[in-house]
Structure formats: structure tokens, C-alpha cells
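See structure below.
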RNA sequence: GGAGGGAUGGCAGAGUGGACGAUUGCAGCGGUCUUGAAAACCGCAGUGGGCGCAAGCUCACCGGGGGUUCGAAUCCCUCUCCCUCCGCCA
């Protein structure tokens, strides 16, 4: 969520920014109107509430006085003193109090009506705000769609060359017996596969290698989160309400399966006020990810590139606003460090405004080269969401100088996505006979295995 | 799944209809004292919203939502979460 005061104070500028993103549906006009009405109501309802508070207090005082007089009255019956004067004072007080009660009740009715409208108005604002995308950082180049993204020169290992025709993983895997597409489809339908033997082992090795690398060399703290979380967490991370079509959810209970560990990590410090000295918080988590892929129906159906279930190691940071862009660079570096260590050719992509997505203010992708399918594969997407997610999930920190709490900045980057790393490892390291050379960095995690041989 | 008990400020823990946004302790910040520190003592301290250039004024918040009442941390309903016991289970 962006800061509503930006919309209130600079609506024209906000509209321009959103136009650069290509988002035509952001309900800025509705928000402006509801926000104005909201403040009108608040002004009136608070005045009424103040009057009710004063009146109630006064009634309380009279109640005390009445009790006192009633006690005096009791005494007069035992002492035989005349009670007339006390009785008339009591009557006057009762009358005064009853009138005040009636008046105050009417105030209360009016307050209740206004409060109902206020609730409805605020609910409307909240709901509409959830549909407003994050605004681009000023450094993001303008471009209407992903074809305008900036691809930087390839880095890392050189593009592999072969003295034979390199095969794609969907041929290599089944031939070696390490990827079983048919049985995956039998179990769960299209976009599912089974990893077997050295294939399953290789994926587990890559996961463990990445987790070790980020924790040991980059100082991240490993997190094992729930794989299904409440829908409110999806709202916090910016997946809901907009991307409801991409989410798997439980039919009976309010559980949704993570589409990325980012959703759990964003909400790890939900409703907390962190200390500035705790920042930055650097987390890394391995989780499976589940996506319905309705948007990309029919695309990338071959191989393991895009499935309904895939594994990913995710990096996540909570930082101060002043340092978040340094950390974005770090995240990209940490993602590409993995590419380097696994001897994979990679390139960085800088996203233009039209391809930023909903939550990011700035985004870089990392792509690796797969020699078999002859394609650059996206294995990481590093985003600085600034305060967008922090506002939705209510994650703040107290500045070291003791000032008011401020929203943290949150950043995420894959580190990396497993299937595509698997594709590149298999395709780039294939030998003429279809066996696979295991990259050096993974051998300790593969029991020293140097070559993946065919299995039955 | 069944029965019961809970949820109060950063933490601990009082408060059962009106002077309570809330006693107290610890932790925090400032000060006195001290060569310095500790201790002791004094003081300041929550979050969010509205109005205002500001000083400030004001409203709300005792797990969430609803209700009763002139008035709710306190009474009623409901939801969520936590704890204990029983059952079942990896």
C-alpha cells in the first residue's frame, strides 16, 4: 500500500506515476472522494463524542449526589427530622438527570449513525487502497512492457560450446531416468513431474548448497516457515486481492499455499515495532511454491520450467528506508554469487516501469543460460518494495534517536529458483553420451559424485 | 474431537459499571549524587486518527467484531489465538 497522504496531497503526480506503470484500474478518484468524506465525518463524530463524554461525566456526578441525599433521607426517618427539603432537591436532581440522559441518548444515536457511515467509508478506502500498485522509484526507466527491459552483458561462466548437438532437459532427464514426466502427470496432471534417484538428490543438493552459501557467506538467518498461511498474509505481501486467481487454497479453512516464501517472510514481523539496531534483518528460507498459473495457460508446458509446484530458496530483508537500495544491490549480488559458484552463465535485467509488477518500486531479474533449450531462464527476481508491503503488514521500526515508529523497507530475491537451475545444470554440463557432469560446488552435497549416470 | 481456564502498555502483573489510557514492578530515557560505575532518589515516557503554520486541542484504542448503558478494561454475544486435561495421531 502506498501512503494515502500522497494521493491526498499530490493526486496529479500519483496519477502520472501510475500511468507510467500502465495500470489503468487504480481507483484513485474513488479514494479521493471517500477520504474527503471520511474527514468530514470524523470532524462531526468527534465533536459529538466529546459532548457525550462531558455529559456522561456530569451524570455520574449527579448520581453521586443523589446517593448522598438518599442516605441523608434515610437518616431523617430515624432522627425524625423533616425530609421535605431533601426530597424536593432529590426530585430536582432526578428530573435534571433524566433530561440529560435523554439528550445524551439522542447524541449517542446520532453518533451511532455516523460511526456506521465512517466504518463503511474507511472499509471502502482500505479496500480501494489494496488495488493501488506501488509507485516506481525515480531511477526506473520508462517502458510500456517487458520488451523494453534492459539486458546487461552476460557474466560468469562463458556460454558452453559442444562438439555435438546439446539436448534439452526434457530429453536428457527421462533418458537418464532422473525425471519422470509420465508418472508426474499420472499423479497430478499436466505441469507436474517426478524427480527420481540422482535427479531428486541433485535438487536436494542444490537447495542445501544455496542455504549453506547464504547463511555462511552472506550472513542470512535460515527460516523454516509454514507452507500454508492465512489469507491476511497474502494481503500483507500484496498477492491479494489482485492475484486471487493464482493461489491454491483450502476449501474449508482460511489457509492458502505459499506461491513464494516471500509471503510468509513479509509477515514474519507483522504488527511488530522493531528496533533500528536490529536492522537489517536478513532471512533465507527454502520452501516449495504453489501457483495455479492461470495467467500463463498453455505457455512453457514442456519440461520442468513452469510447474504448479516448485522449490525455491528465497532471500528477504527488512531495512531502514535510507539503506534499502544498497541492500537491493546486495541481493542481486548474492543471487549472482550462486550462479558464479555453480558455473552458470548469467545476465542481469533491469525492469522498466511497465514490467515492475504490483509491489516493487525497483526490480532486477537474473537469468541463466540453458544450452539445450537455447534460452535465458529467469531464476531470480530482486525487488525493493520500499514501504509497500511494510504498510500492508504493519511492520515498523523505532529510529535509534527515539522518534516515532516508521515503516521498514522490505526486499526480496530468489536465491535461486530450483527447476530452472536444474535445467541449466543438466543442459550445460551434458556429455556427448547424455551423462551429466556435476558442478564442483555440488559434489560435496552429492556424496562426491562427479558424473550422473543413467539409472534403470 | 470433548471439557475447562485465559488474552491488559516493551515484559511481568493489578484492576469487575463513573475521577482508568489505566496501580505497581522490571526494562528504557533524562537528571541528582559519584573520580567513574553501581545503588539510591527525582522526573519523563504507549499506538493510531482528526484539526492546526505551530504551540496545542481533540477522538479512539485493555486480543478482533457486535450488543446492553447516559457511561464499558469491567456485563452479554460472537470470532481468533494461547494454556491445561481427556481422546486420537506422525
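In our numbering, the protein residues as written are 4 to 459. Built from N, CA and C at the ideal position, the CB exists for glycine as well. The model shown is predicted, which means the values in this text are computed figures rather than measured ones.
If you drop the 5 nearest sequence neighbours on each side, which residues of the same chain put their C-beta closer than 7 Å to that of residue i?
i: residue 479; result: With the chain running from 4 to 459 in the structure shown, residue 479 is simply not present.
i: residue 299; result: 309
i: residue 120; result: 44
I'd like to know whether the C-beta atoms of residue i and residue j end up nearer to each other than 8 Å.
i: residue 258; j: residue 294; result: no
i: residue 338; j: residue 222; result: no
i: residue 131; j: residue 34; result: yes
i: residue 7; j: residue 52; result: no
i: residue 388; j: residue 137; result: yes
i: residue 68; j: residue 79; result: no
i: residue 440; j: residue 371; result: no
i: residue 392; j: residue 416; result: no
i: residue 430; j: residue 169; result: yes
i: residue 171; j: residue 352; result: no
i: residue 366; j: residue 384; result: yes
i: residue 380; j: residue 341; result: no
i: residue 207; j: residue 197; result: no
i: residue 547; j: residue 288; result: Past the edges of the chain, shown from 4 to 459, lies residue 547, and the structure says nothing about it.
i: residue 139; j: residue 23; result: yes
i: residue 291; j: residue 274; result: no
i: residue 286; j: residue 218; result: no
i: residue 490; j: residue 413; result: As shown, the chain starts at 4 and ends at 459. That puts residue 490 outside it, with no answer to give.
i: residue 395; j: residue 238; result: yes
Short of 8 Å in beta carbon distance, which residues of its chain neighbour residue i, apart from the five on each side in sequence? Order them along the chain.
i: residue 283; result: 320, 321, 322, 323, 326 and 330
i: residue 279; result: 323, 400, 401, 402 and 403
i: residue 29; result: 21, 134, 135 and 136
i: residue 304; result: 193 and 194
i: residue 146; result: 152, 355, 356, 357 and 358
At a threshold of 7 Å, does residue i count as lining the ligand MN (C-beta to nearest heavy atom)?
i: residue 336; result: Judged by which ligands are present, the structure shown has none, so any question about the ligand MN falls away.
Ends of the beta strand (DSSP E) at residue i?
i: residue 383; result: 378-387
i: residue 368; result: 365-373
i: residue 399; result: 398-401
Measure from the alpha carbon of residue i to the alpha carbon of each residue in the options, then state which is nearest.
i: residue 428; options: 408, 416, 453 and 406; result: 453
i: residue 149; options: 112, 82 and 25; result: 25
i: residue 242; options: 29, 398 and 262; result: 262
i: residue 451; options: 442, 10 and 108; result: 442
i: residue 265; options: 226, 18, 118 and 281; result: 226
i: residue 107; options: 59, 288 and 287; result: 59
i: residue 15; options: 342, 31 and 274; result: 31
i: residue 165; options: 448, 390 and 373; result: 373
i: residue 411; options: 70, 357, 256 and 281; result: 281
i: residue 446; options: 268, 413 and 205; result: 205
i: residue 105; options: 55, 254, 125 and 209; result: 55
i: residue 39; options: 125, 18 and 90; result: 125
i: residue 359; options: 376, 335 and 386; result: 386
Starting from residue i, follow the alpha helix (DSSP H) in both directions and report where the run begins and ends.
i: residue 54; result: 31-82
i: residue 91; result: 87-132
i: residue 22; result: 14-24
i: residue 415; result: That residue, residue 415, is in no alpha helix (DSSP H); its beta strand (DSSP E) goes 412-420.
Ignore the nearest five residues each way along the sequence and tell me which others in residue i's own chain have a CB closer than 6 Å to its CB.
i: residue 260; result: 231, 251 and 293
i: residue 201; result: 181 and 455
i: residue 184; result: 196
i: residue 432; result: 439 and 440
Secondary structure, beta strand (DSSP E): runs of 3+ residues fully inside the region 216-291: Correct list: 224-226 and 275-278.
Inside the region 150-195 only - alpha helix (DSSP H) runs reaching at least 4 residues: If we require 4 residues or more, the alpha helix (DSSP H) runs fully inside the region 150-195 come out as 172-179 and 184-191.
Every unbroken beta strand (DSSP E) inside the region 314-355 [3 residues or more]: Counting only runs of 3 or more, we get 349-353.
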